[in-house]
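Engineer:
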Amino acid sequence: MFFHEFALHDDTLDAIESMNFHEATPVQQMAIPKILSGTDLLACAQTGTGKTGAYLIPILDRIPEFPKGQTSTLILVPTRELAQQIDEQVQGLGYYLDATSIAIYGGNKGPEWEQQRKALTQGADIIIATPGRLIAHLQLGYVRFEQIRFVVLDEADRMLDMGFIGDIMNILHHVPDKRQTLLFSATMPPKIRELAKKILHHPEEINLAVSKPAEGIDQQFYLSRDDQKIPLLIHLMKDLEKPSMVLFTSRKSEVNPIVRALRKMHWQARGISSDSEQTERENILRDFKNHQFPILVATDVLSRGIDIDSLSHVVNFDVPRDPEDYVHRIGRTARAANKGTAITFINEQDQPRVMRIERLLERDLPKQSITEEIGLGPAPAWAPPSGKSRHNQRPKGQGAPHKPGPNNEKKPKWHGKKKRSGPPKNSPTK
DNA sequence: AAAAAAC
Numbered sequence: 001m002f003f004h005e006f007a008l009h010d011d012t013l014d015a016i017e018s019m020n021f022h023e024a025t026p027v028q029q030m031a032i033p034k035i036l037s038g039t040d041l042l043a044c045a046q047t048g049t050g051k052t053g054a055y056l057i058p059i060l061d062r063i064p065e066f067p068k069g070q071t072s073t074l075i076l077v078p079t080r081e082l083a084q085q086i087d088e089q090v091q092g093l094g095y096y097l098d099a100t101s102i103a104i105y106g107g108n109k110g111p112e113w114e115q116q117r118k119a120l121t122q123g124a125d126i127i128i129a130t131p132g133r134l135i136a137h138l139q140l141g142y143v144r145f146e147q148i149r150f151v152v153l154d155e156a157d158r159m160l161d162m163g164f165i166g167d168i169m170n171i172l173h174h175v176p177d178k179r180q181t182l183l184f185s186a187t188m189p190p191k192i193r194e195l196a197k198k199i200l201h202h203p204e205e206i207n208l209a210v211s212k213p214a215e216g217i218d219q220q221f222y223l224s225r226d227d228q229k230i231p232l233l234i235h236l237m238k239d240l241e242k243p244s245m246v247l248f249t250s251r252k253s254e255v256n257p258i259v260r261a262l263r264k265m266h267w268q269a270r271g272i273s274s275d276s277e278q279t280e281r282e283n284i285l286r287d288f289k290n291h292q293f294p295i296l297v298a299t300d301v302l303s304r305g306i307d308i309d310s311l312s313h314v315v316n317f318d319v320p321r322d323p324e325d326y327v328h329r330i331g332r333t334a335r336a337a338n339k340g341t342a343i344t345f346i347n348e349q350d351q352p353r354v355m356r357i358e359r360l361l362e363r364d365l366p367k368q369s370i371t372e373e374i375g376l377g378p379a380p381a382w383a384p385p386s387g388k389s390r391h392n393q394r395p396k397g398q399g400a401p402h403k404p405g406p407n408n409e410k411k412p413k414w415h416g417k418k419k420r421s422g423p424p425k426n427s428p429t430k
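Just so we're aligned, residue 1 is where the first sequence starts under the UniProt record's numbering, counting upward by one.
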């Protein structure tokens, strides 16, 4: 289905064409007519599916109806980078449409606060905000949201995870009840249903949740001790021509050590987490998107929503605790029918998480163990769930994927949370 | 046992 088949104004179609969009994605096909019809929307959809365009296009189509100098659209998002990315898309689409917008978020130590205040008082058409900073402005009393006609909650499940529910309700208190509200969420847990019931009026629902990773992703799993991960990664990268890789780690304390270890091995890497300065975060992400360096080490600050063109690899340095986040993380690659590789390292503790991912994807994932052959010593063996669960359903030696050989004999002894007796620091295993 | 987000 093509965009000119929707009841959109010519100006909007020109703007869409200028962005080189031609065919509408499934979420756009479903959402655009419903949003144009004026109803509230409860949408289960992931990023990378054209979700942003699905709500921006019909909203931008109606912007000319609203008086200039008064904000008509408020978009709330969980992370600063997502706010910025959506703002860039509005700027792209809105260029010919005379729509003004601004991303409002915290962490900046420059003229940004004043710019934000100005845009809010002068009534930019579209405000894209993270909740905390917007509330800071709202409390100062100069924000006029009486003319808001559209409210979008993007990545709503993530915002709830982050404890933003109170902030969201607070912000909505400043917005007229007579409005069109669009709620987008990657998952539909009871909490989201509850929120939807509170803030949506007779919503249309669409469901495009892809709990399955895209076909084009080659998913690889490697059993590995923590101290084997860097040399294993170096080995896996040795024949790559020009990789563009995001390496996820669940802890921000791991970001810099990983960056340093990669640099030591002559790979250009940079790191992003909430500990980085905001301007640094923005510069690094921009440079990475422009392929200025091959490896970006990141926390889950980037696992949702962020679009990076032609990402060849996603590496999970550890297994995310929420199985859905696995799908989100690897969904950064193989976008738009491209191919991509997702590499996940599994240590002893992370094995139960892999099993949860297998349950979510409803299939066994093939685990490899190559540390022995590349001279790094034994990896942890893949083990069926320990007797902690209710029943010992699986008879020993049956059913579970099982790797025969030396791996089963000498397991590294990990009694506590952290290895206390490992190889000494800075001893490159060679 | 984590991450994100306001000052």
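Virtual Cβ for every residue (Gly too), placed ideally from N, Cα, C.
Note that the structure is predicted; figures quoted are calculated from it, not measured.
Do Arg225 and Ala379 have their CB atoms nearer than 8 Å?
Structural biologist: For Arg225 and Ala379, yes; Cβs fall inside 8 Å.
Engineer: Sort out for me which residues DSSP pairs Thr181 with in a bridge.
Structural biologist: According to DSSP, Thr181 bridges with Val151.
Engineer: Over the uninterrupted beta strand (DSSP E) stretch that includes Met245, give me the two end residues.
Structural biologist: Taken as a continuous stretch (DSSP letters only), the beta strand (DSSP E) holding Met245 covers Met245 to Phe248.
Engineer: Whether or not the segment 75–89 and the segment 148–158 are in contact is what I'm after, with contact meaning three or more pairs of Cβ atoms, one per stretch, closer than 8 Å; do they touch?
Structural biologist: Verdict: yes, contact present.
Engineer: Taking the C-alpha atoms as reference points, what is the distance between Ala24 and Ala214?
Structural biologist: So the alpha carbons of these two residues sit roughly 18 Å apart.
Engineer: What is the residue span of the alpha helix (DSSP H) that Phe234 lies within?
Structural biologist: Residue identity check: residue 234 is Ile in the sequence provided, not Phe. Run containing Ile234: Lys229 to Met237, per the alpha helix (DSSP H) assignment.
Engineer: In chain order, what residues of the same chain lie with their CB nearer than 6 Å to the CB of His137, ignoring the 5 residues before and after it?
Structural biologist: Within the same chain, His137 has close Cβ partners Leu120 and Val143.
Engineer: What did DSSP end up calling Glu146 once you bin it into helix, strand or coil?
Structural biologist: Here Glu146 sits in coil by DSSP.
Engineer: Per DSSP, what are the beta-bridge partners of residue 433 in this structure?
Structural biologist: Outside the displayed range of the chain (1 to 430) lies residue 433, so it cannot be described from this structure.
Engineer: State the beta-bridge partners of Thr333 as determined by DSSP.
Structural biologist: Answer is none; Thr333 lacks a bridge partner.
Engineer: Report the three-state DSSP secondary structure of Phe6 (helix, strand or coil).
Structural biologist: Looking at Phe6 - three-state DSSP - the assignment turns out to be coil, as it is neither helix nor strand.
Engineer: Hey, how far is the Cα of Met19 from the Cα of Asp218?
Structural biologist: For Met19 and Asp218, the distance between alpha carbons rounds to 30 Å.
Engineer: Distance, Cα to Cα, Lys289 vs Gly377?
Structural biologist: Taking the straight line joining both Cα atoms gives about 36 Å.
Engineer: Does DSSP classify Glu17 as helix, strand or coil?
Structural biologist: Correct three-state label for Glu17: helix.
Engineer: Can you give the Cα-Cα distance for His174 and Asp167, rounded to whole angstroms?
Structural biologist: Roughly 11 Å separates the two Cα atoms.
Engineer: By Cβ distance below 6 Å, which residues in the same chain neighbour Leu82 in space, the five residues on each side in sequence not counted?
Structural biologist: If we look at Leu82 and ignore the five residues flanking it on each side, its Cβ neighbours are Gly305.
Engineer: Which of the three DSSP states, helix, strand or coil, is assigned to Leu223?
Structural biologist: Reduced to three states, the DSSP call for Leu223 is strand.
Engineer: For Val297 versus Thr249, is the C-beta spacing smaller than 8 Å?
Structural biologist: Contact flag set, yes.
Engineer: Given this structure, state the Cα-to-Cα distance separating Glu204 from Ile357, to the nearest angstrom.
Structural biologist: Approximately 30 Å between the Cα atoms of the pair.
Engineer: With a 10 Å radius around its C-beta and 16 neighbouring C-beta atoms as the bar for buried, classify Ala129 as buried or exposed.
Structural biologist: Ala129 is buried by the Cβ-count criterion.
Engineer: Output yes or no for whether 8 Å exceeds the beta carbon distance between Leu93 and Leu60.
Structural biologist: In this structure, Leu60 lies closer than 8 Å to Leu93 by Cβ.
Engineer: Determine the DSSP secondary structure at Val314, reduced to helix, strand or coil.
Structural biologist: Strand at Val314.
Engineer: Assign Pro323 to buried or exposed, taking buried as 16 or more other Cβ atoms, counted over all protein chains shown, within 10 Å of its Cβ.
Structural biologist: By the 10 Å Cβ count, Pro323 comes out buried.
Engineer: Which parts of the segment 263–292 are runs of the beta strand (DSSP E), unbroken and 3 residues or longer, counting only runs that do not cross its ends?
Structural biologist: The qualifying runs are 269–272.
Engineer: Only counting the same chain, and skipping five residues up and downstream in sequence, which positions put a Cβ closer than 8 Å to that of Ile230?
Structural biologist: Closer than 8 Å at the Cβ level, and outside the excluded window around Ile230, lie Ile258, Ala261, Leu262 and Met265.
Engineer: Candidates Phe145, Gln220, Leu195 and Phe184: which alpha carbon is nearest Asn207's?
Structural biologist: Answer by Cα proximity: Phe184.
Engineer: If you reduce the DSSP assignment to three classes, tell me which class Glu81 lands in.
Structural biologist: Of the three classes helix, strand and coil, the one that applies to Glu81 here is helix, per DSSP.
Engineer: Just tell me which of Gln228, Ile284, Glu280 and Glu254 has its CA closest to the CA of Ile370.
Structural biologist: For the residues Gln228, Ile284, Glu280 and Glu254, the minimum Cα distance to Ile370 belongs to Gln228.
Engineer: I need the boundaries of the beta strand (DSSP E) containing Thr47, first residue and last residue.
Structural biologist: From DSSP, Thr47 is part of no beta strand (DSSP E); its letter is neither H nor E.
Engineer: Which one or two residues does DSSP pair with Leu342 in a beta bridge?
Structural biologist: Note that residue 342 is Ala in the sequence shown here, rather than Leu. Ala342 is bridged to Gln219 and Val314.
Engineer: I believe Gly69 touches Gln122 by the beta-carbon criterion, under 8 Å. Please report the beta-carbon distance rounded to the nearest angstrom.
Structural biologist: 6 Å between Cβ atoms; contact.
Engineer: For Val301 and Arg251, what's the separation of their Cα atoms in angstroms?
Structural biologist: Between Val301 and Arg251, the C-alpha separation is close to 11 Å.
Engineer: Going by DSSP in three states, Ala54 sits in which element: helix, strand or coil?
Structural biologist: Helix at Ala54.
Engineer: Give the secondary structure of Gln393 by DSSP, where H, G and I count as helix, E and B as strand, and everything else as coil.
Structural biologist: Its pLDDT being 40, under 50, Gln393 is placed unreliably in this model, and the value from its coordinates should be taken loosely. Note: Gln393 maps to coil in three-state DSSP.
Engineer: Assuming Pro294 contacts Ser244 under a Cβ cut-off of 8 Å, what Cβ separation, rounded to an integer in Å, is found between them?
Structural biologist: Contact flag correct, Cβ pair sits at about 6 Å.
Engineer: Answer yes or no: do Phe150 and Ser72 have a C-beta to C-beta separation smaller than 8 Å?
Structural biologist: Closer than 8 Å, so yes.
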